[in-house]
Amino acid sequence: MKTTSVSSSAMSNAMRYSQSRMQVELIKRQKEMETLRVADLGLALGARTSQSVTFARDLERLNTIVDSNKLISSRLSTTQDALGKLGDAAQKLLTAVSTAISGDPGSNVTRDAGKAALQSMTSILNSSINGEYLFAGTNTDVKPINDFTAAGSPAKAALDAAFVARFGFASTDPAAANLTGAQLDNFITTDVMPQFFGPAWKTNWSNATDQQIVSRISLNETTESSVSANTDGVKKFAMAAAIVTTLFSGNLNADAKKAVAQKALTLTGEALGSIAQTQSQAGIIEQRVTDASDRMKAQINLFEKHVIDLEGVDEYEAANRVNDLMSHIQQSFALTARLQQLSLINFLK
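So the sequence shown is numbered by numbering that gives the first Met the number 0: it starts at 0 and just counts up by one.
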């Protein structure tokens, strides 16, 4: 018959080994109780681990796009507000030139209205959000519109130079009083309009790109998510305000000024329609972004349910496991302490 030696040291070492294993297990169970997910995917799911990894990757992509869509919606909403203000500025100019046509075209009120329109337009089009200019196209780090009223403005210089080239004197020259309305109308159509609807627009007025920002709003859908300052509505508004500001500051007679006001009236009316259409398009795009986010949120909910089915643990079961382990560990510590106190010396008299 074989006997096995028993010692308090061997029993104590066995208890310490058991404690170590239970403490490692306790850490895993505590993690499961906090996250309600299995602590070790590979051990718990085995061959189905790849499904969990795939779901996690898809969830991350969807959540990233949803977060991006929030920024896109914010930019589009701000753009619509800015376009609304631009429309209001154009409406004020329209009222001023209408008054000039029906009343006294020599009033400085019309000139001042043109200057105010230019200043409002420049301020609105140069607005930004999160450090990016709204109307700059893809060139978001550069102000899209140059200030026509600023000293040394190339746009103002080009307009003045065109007047001198056509008539041989400046609009402020006394000789300008002899110009007819027909002459001014032809000058605006022939010489001024190309400065706004030709290469000179980007040379003198705009730093924006025609290309707009294209954003991914879902896994398989992209859309333009910005508005450029190079739209026809902006150009017509800028042209109307510029000719009113410049030519109403000169020595033109009443007939010539009425011709300028009539041209500005036509341009501003067309600009208003174009701005309203652009604002509507921005609203449609914003709704597309919202709809795409709603669809992805539904997908996210579905994926999260699948992930819970794969990785989830019952919170009550997880809590019971943690409590059991803590109880066993405490008992083990108590037994180990008593074993360490065992000594033959205590029994010798």
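Here a beta-carbon is modelled for each residue, glycine too, at the ideal position from N, C-alpha and C.
inquiry  = Does isoleucine 212 come out as helix, strand or coil in the three-state DSSP assignment?
reply    = Indexing the sequence shown from 1 puts residue 212 at position 213. Note: isoleucine 212 maps to coil in three-state DSSP.
query = In chain order, what residues of the same chain lie with their CB nearer than 8 angstroms to the CB of methionine 0, ignoring the 5 residues before and after it?
reply = By one-based count along the sequence shown, residue 0 stands at place 1. Residue confidence for methionine 0 is low, a pLDDT of 48 falling below 50, so the modelled location carries little weight and cannot support an answer.
message = Taking DSSP's pairing of strands, which residues face threonine 222 in a bridge?
response = One-based indexing of the sequence shown puts residue 222 at position 223. Note: threonine 222 sits in a beta bridge opposite Ser214.
task = Might you give, ordered along the chain, the residues of its own chain that have their beta carbon closer than 7 angstroms to the beta carbon of leucine 117, omitting 5 neighbours on each side?
result = Counting from one through the sequence shown, the residue named residue 117 turns up at place 118. Phe147, Thr148, Ala240, Ala241 and Thr244.
key: N- and C-terminal bounds of the alpha helix (DSSP H) containing glycine 180   = Residue numbering aside, residue 180 sits at position 181 when the sequence shown is read from its first letter. Counting along the chain, the alpha helix (DSSP H) containing glycine 180 begins and ends at 180 to 186.
query = Does the count of Cβ pairs from the segment 173 to 180 and the segment 264 to 272 closer than 8 angstroms reach three?
reply = no
request  = With a 10 Å radius around its C-beta and 16 neighbouring C-beta atoms as the bar for buried, classify alanine 281 as buried or exposed.
outcome  = Against the sequence shown, residue 281 aligns to sequence position 282. The residue is buried, with at least 16 neighbouring Cβ atoms inside 10 Å.
request  = Measure the CB-CB distance between leucine 246 and serine 170 and report whether it falls below 8 angstroms.
outcome  = By 1-based counting over the sequence shown, the position of residue 246 is 247. By 1-based counting over the sequence shown, the position of residue 170 is 171. Against a cut-off of 8 angstroms, the Cβ pair of serine 170 and leucine 246 comes out as a contact.
query = Using the beta-carbon count (16 or more within 10 Å), is serine 279 buried or exposed?
reply = Here residue 279 corresponds to residue number 280 of the sequence shown, with the count starting at 1. When all chains shown are included, serine 279 counts as exposed.
inquiry  = I believe lysine 84 touches isoleucine 123 by the beta-carbon criterion, under 8 angstroms. Please report the beta-carbon distance rounded to the nearest angstrom.
reply    = Taking the first residue of the sequence shown as 1, we reach residue 84 at position 85. Taking the first residue of the sequence shown as 1, we reach residue 123 at position 124. Going by Cβ atoms, the distance from lysine 84 to isoleucine 123 rounds to 5 angstroms, so yes, they are a contact pair.
task = Give the DSSP-derived three-state secondary structure of alanine 386 in the structure shown.
result = The structure shown does not extend to residue 386, since the chain spans only 0 to 348, so no value can be given for it.
query = Since lysine 235 is in the alpha helix (DSSP H), which residue starts that stretch and which ends it?
reply = Along the sequence shown, read from residue 1 onward, the residue named residue 235 stands at position 236. Lysine 235 -> alpha helix (DSSP H) spans 231 to 246.
key: Cα-Cα separation, asparagine 250 to glutamate 223   = What you label residue 250 is simply residue 251 of the sequence shown in a count that begins at 1. What you label residue 223 is simply residue 224 of the sequence shown in a count that begins at 1. Asparagine 250 and glutamate 223: Cα-Cα distance of roughly 46 angstroms.
ask   = Can you tell me whether leucine 301 is buried or exposed, with buried defined as 16 or more other CB within 10 angstroms of its CB?
value = Stepping through the sequence shown from its first residue, residue 301 is reached at position 302. Exposed, because fewer than 16 other Cβ atoms sit within 10 Å of the Cβ of leucine 301.
query = Under a Cβ-count criterion, where at least 16 other Cβ atoms within 10 Å of its own Cβ denotes burial, should arginine 74 be classed as buried or exposed?
reply = Against the sequence shown, residue 74 aligns to sequence position 75. Answer is buried; the Cβ neighbour count reaches 16.
ask   = Touch check for the segment 287 to 306 and the segment 215 to 233: three-plus C-beta pairs under 8 angstroms?
value = yes
message = Can you tell me whether serine 127 is helix, strand or coil according to DSSP?
response = Along the sequence shown, one-based indexing puts residue 127 at 128. Per DSSP, reduced to three states, the secondary structure at serine 127 is strand.
ask   = So what's serine 227 in DSSP terms, helix, strand or just coil?
value = Here the question's residue 227 lines up with position 228 in the sequence shown. Here serine 227 sits in strand by DSSP.
ask   = Does the pairing of the segment 223 to 233 with the segment 251 to 260 give three or more beta-carbon distances under 8 angstroms?
value = no
ask   = When we look at the beta-carbon of valine 369 and count the other beta-carbons within 10 Å, is it buried (16 or more) or exposed?
value = Beyond the ends of the chain as shown, which are 0 and 348, falls residue 369; an answer cannot be given.
query = Secondary structure at serine 205, three-state DSSP: helix, strand or coil?
reply = For the purposes of this step, residue 205 is taken as residue 206 along the sequence shown, with counting starting at 1. In the structure shown, serine 205 falls within a strand segment according to DSSP collapsed to helix, strand and coil.
message = When you compare the segment 156 to 169 with the segment 88 to 107, are there three or more beta-carbon pairs, one atom per stretch, that lie closer than 8 angstroms?
response = no
query = If we ignore side chains and look at the alpha-carbon of each, how far apart do threonine 53 and histidine 305 end up?
reply = For the purposes of this step, residue 53 is identified with residue 54 of the sequence shown, where counting begins at 1. For the purposes of this step, residue 305 is identified with residue 306 of the sequence shown, where counting begins at 1. Threonine 53 and histidine 305: Cα-Cα distance of roughly 11 angstroms.
inquiry  = What does the alpha-carbon distance come out to for the pair methionine 238 and serine 72?
reply    = One-based indexing of the sequence shown puts residue 238 at position 239. One-based indexing of the sequence shown puts residue 72 at position 73. Those two C-alpha atoms are separated by around 31 angstroms.
query = In angstroms, rounded to a whole number, what distance separates the CA positions of aspartate 140 and asparagine 68?
reply = By one-based count along the sequence shown, residue 140 stands at place 141. By one-based count along the sequence shown, residue 68 stands at place 69. Answer to the nearest angstrom: the Cα atoms are 21 angstroms apart.
Glutamine 182 beta carbon less than 8 angstroms from that of alanine 157 = Here the question's residue 157 lines up with position 158 in the sequence shown. Here the question's residue 182 lines up with position 183 in the sequence shown. In this structure, alanine 157 keeps its C-beta atom at 8 angstroms or more from the C-beta atom of glutamine 182.
query = How far does the alpha helix (DSSP H) with lysine 142 in it reach, from first residue to last?
reply = Taking the sequence shown and counting its residues from 1, the one referred to as residue 142 is at position 143. Here lysine 142 belongs to no alpha helix (DSSP H), and DSSP marks it neither H nor E.
request  = Determine, using beta carbons only, whether lysine 114 and asparagine 125 come nearer to each other than 8 angstroms.
outcome  = The sequence position of residue 114 within the sequence shown is 115, counting from 1. The sequence position of residue 125 within the sequence shown is 126, counting from 1. It is not a contact, given that the beta carbons lie outside the stated cut-off.
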